[in-house]
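In what follows, a structure is listed as structure tokens, so that the remarks can point back to it.
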Amino acid sequence: MEVKVRPSHLKYMIKIMTVDTAAVPENKKTNPSITKRDRRDVIRQVREITGLDDNFINQTIEACKDSTGRYSLEQVINLLFDDNLRNNLQQSTHNNQNQNQSHPNPNASVQATATPLSPPTSDRNHGDTITDDVIEISPENDNQQTIDDDLERALQLSRETVEQIIDESDIAERKSCDEPVGLKNIGNTCWFNSIVQALYTLPYFRQLILNFPRSVINRELTDSEKQAICFTEELRNLCFLMLKSPRRSINPDRAIKKFKNTRKLCGVDFSHEDCSEFATHLIDLVELAYETVGKNLMNIDNTTISTNFINPINTFVTGEVIVERNENNSIREALRQINIQMIDSSNLYDGLEALWLGSADESLSSQQAIVEQRWLTRLPPVLFICLNRYRFSQTTKQASKIIAPFEFYPELYLDRYMLTNKNLILNKRNIARTLYAQLHELEKTLDSYLKYPCNNESFSLANAIRVVYEYATGCRLNPTLPKRNDSVSFDQATSPRSRQHSVMPIQRSHLSNEEFQFIQNTLPTWLTEIEAKCANIREEIRRLKNELKQLYNESQLKQVLYTLHAVCVHEGSATLGHFWTYVYHTDRQKWYRYNDNEVTESKWADVLEAAIGGQRTCNDREVPRVPSAYLLVYINAEQKSLSNDVYYELTGDLQRVLHDDLILLQEQRETIKLEQLYNDVKTIWERIEKSQPIHKVLSLPFFAGPNAPFDSEIVRPVVDSTIRVLKTYETKILSIELNHLLQEIIDKEIKTYSPTANIIASALPHNDYRLQHVLSYFSANRIDIIYRQRIMYDIIRLLPISNDDIRLRLFKLQATIICNEMKMSNDEVQEYQKILSDYKDFRSVIAAYLVGYQLMHEN
15 MEVKVRPSHL KYMIKIMTVD TAAVPENKKT NPSITKRDRR DVIRQVREIT GLDDNFINQT
75 IEACKDSTGR YSLEQVINLL FDDNLRNNLQ QSTHNNQNQN QSHPNPNASV QATATPLSPP
135 TSDRNHGDTI TDDVIEISPE NDNQQTIDDD LERALQLSRE TVEQIIDESD IAERKSCDEP
195 VGLKNIGNTC WFNSIVQALY TLPYFRQLIL NFPRSVINRE LTDSEKQAIC FTEELRNLCF
255 LMLKSPRRSI NPDRAIKKFK NTRKLCGVDF SHEDCSEFAT HLIDLVELAY ETVGKNLMNI
315 DNTTISTNFI NPINTFVTGE VIVERNENNS IREALRQINI QMIDSSNLYD GLEALWLGSA
375 DESLSSQQAI VEQRWLTRLP PVLFICLNRY RFSQTTKQAS KIIAPFEFYP ELYLDRYMLT
435 NKNLILNKRN IARTLYAQLH ELEKTLDSYL KYPCNNESFS LANAIRVVYE YATGCRLNPT
495 LPKRNDSVSF DQATSPRSRQ HSVMPIQRSH LSNEEFQFIQ NTLPTWLTEI EAKCANIREE
555 IRRLKNELKQ LYNESQLKQV LYTLHAVCVH EGSATLGHFW TYVYHTDRQK WYRYNDNEVT
615 ESKWADVLEA AIGGQRTCND REVPRVPSAY LLVYINAEQK SLSNDVYYEL TGDLQRVLHD
675 DLILLQEQRE TIKLEQLYND VKTIWERIEK SQPIHKVLSL PFFAGPNAPF DSEIVRPVVD
735 STIRVLKTYE TKILSIELNH LLQEIIDKEI KTYSPTANII ASALPHNDYR LQHVLSYFSA
795 NRIDIIYRQR IMYDIIRLLP ISNDDIRLRL FKLQATIICN EMKMSNDEVQ EYQKILSDYK
855 DFRSVIAAYL VGYQLMHEN
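Mapping of the sequence shown onto our numbering: residues 15 to 873, in sequence order.
Here it is, written out as structure tokens:
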């Protein structure tokens, strides 16, 4: 679908696409108009705003790059929305795709694609399309408040622009309302979508939202309470549409706008929100809304103490821990979202242990800060675990993303953190400390062999022996040495690999027979001993690690089970990126990937692949793009109500929400069809323009002047009446062929404005029907029907209308095509021109007479 953006929005869009960039290096701070961006982030944000294809955006960026590799975002945006240049680029892309089928060089097509639009530049690698680019942007105002205001306006304009864009995904329908539903990304709102989809798929949470009570509050509310209620009500409407709307994806714009209103309350800039922070704010807002409405209902019912109100949201997400700072000092605290620091943890169990109890591995740096222990006393039905993957550098003053792998599990047992198991766990932690101490001692011993120090460097001692042996004897020792034999065969001691990959011999010093014999007998013995020791150490390390892994693997510690419900994944850097969510549907026994409006079936292996993290490429530029889990949502396996069917009251306001959405859906369907019809008619007209000369009637002075559509004596008097009649027929555009519909309209107009001579004569002098409409004049003068039809087609094609009214634009375009196809001889053209001149003279004479009469009357 073709996207149109008003020029006034351009500078705000550019702000949007530069707001989340990484900090500029120190040497660039003197020039604030230049910043460095990852190409993928630029393409993603341009796509979210424009809806254009990634390859096309990438080619446009290539076309705008100068010889130094820099480009201006404003130039890129202007190019994307220039119809002529865009068509040229698309045509060039199509041609190059055809060439690629026979061209062996992949870079050639990219270079050719950029040729029609880009000026001559120095050589650069066009094949490396995903790069860190230097982008030139307008200098920012030093006033931070001005920047914040501009940013907020930019985000709002971006959302409004995206909301107005309608494509096939907006009208796509589910086979049934039981199918998973997506949420539309309306401009950097993936953080909102990922959390709402994770929570909505919890039936119990969905039931709480749908049953949110609507009541009249009998007291004055604070701003926080008002906004919390407004947001919860919009979230309720959104969840109901996700449940009952036939759409495959729902537009969450109203709920997002309400949430944006709480920005100052939350103290967070949501231009690039973190999904875990948003989850916290969402729960807090809904909890406050329930608290406000619930206490009000209790007061209305004359309940004695409103503080007895039990907030279901609080119960839903809140547990309790007891904090022990020493033997005689302990306090109880609420347990909400769990934040795990990932610096010293590689899996979920170790992360929870380090957070609550301190790691049993006393060698970790985080142990220095552990002065208290937390034991679980009450568990929440739903557990939110945030994996903190941010690290801030005091040197560079920049945030970076931790991409180290972090293992999590479909089932999580929390028995080892429960207060009821404290004594057992403390005993096991003592065992773990001993095992960790032995493990680290063995690892140090192994390192002494594998990283033998020499001149500020380190190397493997076994490899060093092999090198010395080879240098002295000219042969290599096998990696696995046979039993020592005083008469070692050099051929046997030479590995097949050494024979296949010979090295340039180095002239060694002369060795005596005694020295040679010593090397031949001693070094193989040393190598055998070292390799045997290393093998034994490795085996012992494996045994200790397995013992640590199985330390808590007993039935007594497998009673409190949580199952994984959702995984929110982030791909990108610490300041930029994209969120999506994997959700396990208990009723379907399947994993699903929720990526904004796209919902696809998935597998547990896919979840691990996308969410476990870890470096998977040797290209440093790719490292920040590694996807990894940011938020884990676990549900208590014993709480069956969390997965039960949803029961809610279908109130009148919810029925209206669904009714309005169904009407909007029908309008959007019609809009898509009208856009397609307009494009088809426009294509026909463009083909006519290229293949046929424009009919000479279209260039008559009455129609070709610069002010003709607005000031012509022919058109202006009948604009309003013509638009009114077109409006009455516009609902039939999709059901009747356009040319037939226009013919029907014109025939009706001709019949309406065809007064007889007797009627005209009887109405004079008080009323002259010939001035009422040009058709009345034609009828009074018995003008041929061909000219009556022609004048109406000309009037319709010259109507001054807004581009927003696609139906009237369709009428205009079709009338233009018909006018060009109407066959008129030169004599007929001259006759038509004379009729128009006579009509204009008639109106001019009448106007002059009236002016003269008025002046005479005044004098």
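Note that beta-carbon positions come from the ideal geometry of N, C-alpha and C, so glycine has one too.
Per-residue burial, residue i [other beta carbons within 10 Å of its own, 16 or more giving buried]
i, result
"M870", "exposed"
"D375", "buried"
"Y644", "buried"
"T830", "buried"
"I747", "buried"
"S642", "buried"
"D192", "exposed"
"V859", "exposed"
"Y863", "exposed"
"V879", "Outside the displayed range of the chain (15 to 873) lies residue 879, so it cannot be described from this structure."
"C468", "exposed"
"L778", "exposed"
"K415", "buried"
"G666", "exposed"
Close Cβ partners of residue i (< 7 Å) along its chain, the five nearest in sequence each way excluded
i, result
"E301", "N325, I327, N328"
"R250", "I223, L224, F226"
"A212", "A580, C582, T595, V597, V647"
"E612", "G196"
"R350", "V331, T332"
"P39", "For P39, the pLDDT reaches just 38, beneath the cut-off of 50, and the residue's location in the model is therefore unreliable, although a value from the coordinates is still provided. Excluding residues within five positions, none has a Cβ falling inside 7 Å."
"L12", "The first residue shown for the chain is 15 and the last is 873, placing residue 12 beyond what the model contains."
Straight-line Cα distance separating residue j from residue i
i, j, result
"F532", "S474", "22 Å"
"L575", "L369", "19 Å"
"I345", "L390", "12 Å"
"L827", "Q706", "16 Å"
"F323", "A303", "13 Å"
"Q408", "D358", "19 Å"
"Y791", "K854", "11 Å"
"V307", "E248", "15 Å"
"L822", "S749", "16 Å"
"F530", "T487", "8 Å"
"Y450", "V56", "47 Å"
"W605", "R261", "21 Å"
"Q573", "K189", "40 Å"
"K547", "A293", "52 Å"
"I799", "N817", "31 Å"
"L255", "D184", "13 Å"
"S616", "S208", "16 Å"
"S526", "V482", "16 Å"
"A418", "F406", "16 Å"
"Q412", "A588", "9 Å"
6 Å CB neighbourhood of residue i in its chain, flanking five on each side removed
i, result
"Q506", "Residue placement at Q506 cannot be trusted, given a pLDDT of 38 that sits under 50; what the coordinates show is reported in the next sentence. Excluding positions up to five away in sequence, the list is empty."
"A794", "I774, R784"
"E347", "V335, V337"
"C78", "Y85, Q89, V90"
"L1", "Examination of residue 1 is not possible in this model, given that the chain is present from 15 through 873 alone."
"S768", "S793"
"F206", "I270"
"Q241", "N275, T276"
"R13", "With the chain represented from 15 up to 873, any question about residue 13 goes unanswered, as that position is not in the structure."
Cut-off 8 Å between Cβ atoms - residues of its own chain near residue i, not counting five sequence neighbours on either side
i, result
"Q844", "none"
"H592", "R58, C204, H584, E585, G586"
"Y801", "F792, E845, Y846, I849"
"R552", "L460"
(request) Only counting runs of 4 or more residues, tell me where the alpha helix (DSSP H) segments fall wholly within the segment 357–407, in order along the chain. (result) 362–370
(request) Would you list, in sequence order, the uninterrupted beta strand (DSSP E) runs of no fewer than 3 residues that lie entirely inside the segment 526–611? (result) 575–586, 591–599, 604–609
(request) Mind the definition here: the segment 452–468 touches the segment 599–611 only if three or more C-beta pairs lie below 8 Å; say whether that holds. (result) no
(request) Inspect the CB distances between the segment 553–568 and the segment 613–628 and report whether three or more fall short of 8 Å. (result) no
(request) Flag this pair as touching only if the segment 434–453 and the segment 678–698 have three or more C-beta atom pairs under 8 Å; answer yes or no. (result) no
(request) Counting only runs of 4+ residues fully inside the segment 433–489, write out the alpha helix (DSSP H) ranges in chain order. (result) 436–464, 475–487
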